[in-house]
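Chemist: Just add 10 to the spot in the sequence shown (first one is 1) and you have the working numbering. Here a beta-carbon is modelled for each residue, glycine too, at the ideal position from N, C-alpha and C. Please find one structure pasted underneath; my questions will follow.
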Amino acid sequence: MTALAPSDAPFRPSATSAVEQVPFTTRIADPGPLGLACFALTTFVLSCFNAGLLPTTVKPVVFGLALFYGGAVQVIAGVVEYVKGNAFGGLAFCSYGAFWMSFWYLSTHLDLMKTAEKADIGHAVGLFLLAWTIFTGYMFITSFRTTGALVITFGVLTLALTALTVGDLAESVTATRAGGWLGIATAALAWYTSFAGVMNATAGRPVLPVYPMKK
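Right, dumping it as structure tokens:
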């Protein structure tokens with residue numbers, strides 16, 4: 011999710027000014043730490059409810075985060091990743107930003123399914139989560155070309171979504187609770203990767219390791 015290499019797009023320097031001799035994409039700060047922070051914080055808050063640490067009666071506290079921080083801001087980070095030439099980061103941030111916005115819509119428009127059976131609603135949400143589990147699964151495989159920090163983050167996220175999918179499809183509270191705790195672990199890993207990205211960029215040198223994978 012964090013930009014790992016400059017764009018491969020060719021650049022021919024201009025003699026007009028020093029600023030123009032620098033590719034536009036290299037003058038844009040790395041959006042990776044922002045996208046990861048958006049994902050981590052929103053995931054952490056929702057996972058606390060899934061893990062049973064807080065009652066669902068106050069779950070709407072997640073909705074604003076899902077729409078604005080985890081949703082809109084993360085999509086912006088993804089668009090900037092595309093501008094910088096990072097297809098992995100662009101796809102990840104835009105997709106998970108859309109995930110959070112769709113979660114907000116689903117959670118705030120459940121009245122659209124008020125005529126459905128409770129079990130059917132659970133199965134529909136399970137299908138929603140299953141689709142995102144499949145997406146996360148192939149992003150996990152692709153992450154092996156990025157950094158060790160992202161590999162672990164996507165690996166645990168895949169497990170978390172799998173558990174949540176089982177929880178809704180099988181109506182298993184135990185699986186949902188497990189998914190919540192795995193979600194908290196995912197948030198911690200994403201926060202670390204975000205922290206490492208902004209710390210290393212600010213310091214101008216590697217301070218916290220992210221363990222780049224061999225190409």
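Between leucine 75 and chain C, is the shortest Cβ-Cβ distance under 8 Å, so that the two count as touching?
Modeler: Any reference to chain C falls outside this structure, which holds one protein chain only.
Chemist: Just to confirm before moving on: does the CB-CB distance between alanine 200 and leucine 101 stay below 8 Å?
Modeler: In the sequence shown, residue 200 corresponds to position 190, counting from 1. In the sequence shown, residue 101 corresponds to position 91, counting from 1. In this structure, leucine 101 does not lie closer than 8 Å to alanine 200 by Cβ.
Chemist: If you count every other CB in all the chains shown that lies within 10 Å of the CB of aspartate 121, and 16 or more means buried, which is it?
Modeler: On the sequence shown, residue 121 is found 111 positions in, with the first residue counted as 1. Flag for aspartate 121 reads exposed.
Chemist: From Phe154, Ala129, Leu171, pick the residue whose C-alpha is nearest to that of phenylalanine 145; which is it?
Modeler: Translated into the one-based positions of the sequence shown, residue 145 becomes position 135. Among Phe154, Ala129, Leu171, the Cα nearest to that of phenylalanine 145 belongs to Leu171.
Chemist: Is threonine 125 helix, strand or coil by DSSP?
Modeler: By one-based count along the sequence shown, residue 125 stands at place 115. Three-state DSSP puts threonine 125 in coil, outside helix and strand.
Chemist: Below 7 Å CB to CB, which residues in the same chain sit around glycine 74 once its five sequence neighbours on both sides are set aside?
Modeler: Translated into positions along the sequence shown, residue 74 becomes position 64. Nothing listed; no residue qualifies.
Chemist: In its own chain, which residues sit with a C-beta less than 8 Å from the C-beta of valine 161, not counting the 5 before and 5 after it?
Modeler: Here residue 161 refers to the residue found at position 151 when the sequence shown is read from its first residue. The residues are Phe150, Ser153, Phe154, Met223.
Chemist: Which residues in the same chain have their Cβ closer than 6 Å to the Cβ of cysteine 48, if we skip the five residues on either side of it in sequence?
Modeler: As a first step, residue 48 must be located in the sequence shown, where it is residue number 38. Counting only Cβ-Cβ distances below 6 Å, and skipping sequence neighbours, we find Tyr79, Gly80, Val83, Gln84.
Chemist: Compute the Euclidean distance between the alpha carbons of leucine 44 and alanine 87, then round it to the nearest angstrom.
Modeler: Residue numbering aside, residue 44 sits at position 34 when the sequence shown is read from its first letter. Residue numbering aside, residue 87 sits at position 77 when the sequence shown is read from its first letter. Going by the C-alpha atoms only, they are around 7 Å apart.
Chemist: Can you tell which of Ala211, Gly147, Trp191 has its C-alpha closest to the C-alpha of leucine 56?
Modeler: Looking up residue 56 in the sequence shown gives position 46. The option with the nearest alpha carbon to leucine 56 is Trp191.
Chemist: Given this structure, state the Cα-to-Cα distance separating alanine 173 from valine 68, to the nearest angstrom.
Modeler: Sequence index remark: in the sequence shown, residue 173 carries index 163 (1-based). Sequence index remark: in the sequence shown, residue 68 carries index 58 (1-based). Distance between the alpha carbons of alanine 173 and valine 68 is about 23 Å.
Chemist: Would you kindly check if the distance between the Cβ of alanine 197 and the Cβ of phenylalanine 54 is under 8 Å?
Modeler: Along the sequence shown, one-based indexing puts residue 54 at 44. Along the sequence shown, one-based indexing puts residue 197 at 187. Going by C-beta atoms, phenylalanine 54 is nearer than 8 Å to alanine 197.
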